[in-house]
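Here is the structure we will look at.
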Amino acid sequence: MVLSVIRKAPEVIPLVVIVGGACTAGIGFTIRQAVKNPDASWDRKNNQHPWLNIKANEQVKVKDDVIANVN
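Residue numbers for the sequence shown, in the numbering used here: 9 to 79.
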């Protein structure tokens, strides 16, 4: 369907490329955050309440440490 529209109206090629790139970047960012971000827990069976395992003085946020050192 997209190819037939592009053949009939080639002026939509930049639009298709930009929208396709934005969708790909959004999906890639979501997957990266799901895999690399420690704040998200995707395993409900083995660790249902991960916040209960955090100790009183344990540092869990990276940005807090960076901001504390700047001030």
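Heads up, the beta-carbon is just placed ideally off N, CA and C, and yes, glycines get one too.
This structure is a prediction, so every number in the text was calculated from the model and none was measured.
Item                                                                                                                                    : Value
Could you check where the alpha helix (DSSP H) with K44 kicks off and where it finishes?                                                : I21 to K44
Whose C-beta lies closer than 7 Å to the C-beta of V13 among residues of the same chain, with five residues either side of it excluded? : V20
Starting from L11, trace the alpha helix (DSSP H) both ways and give me its first and last residue.                                     : V10 to K16
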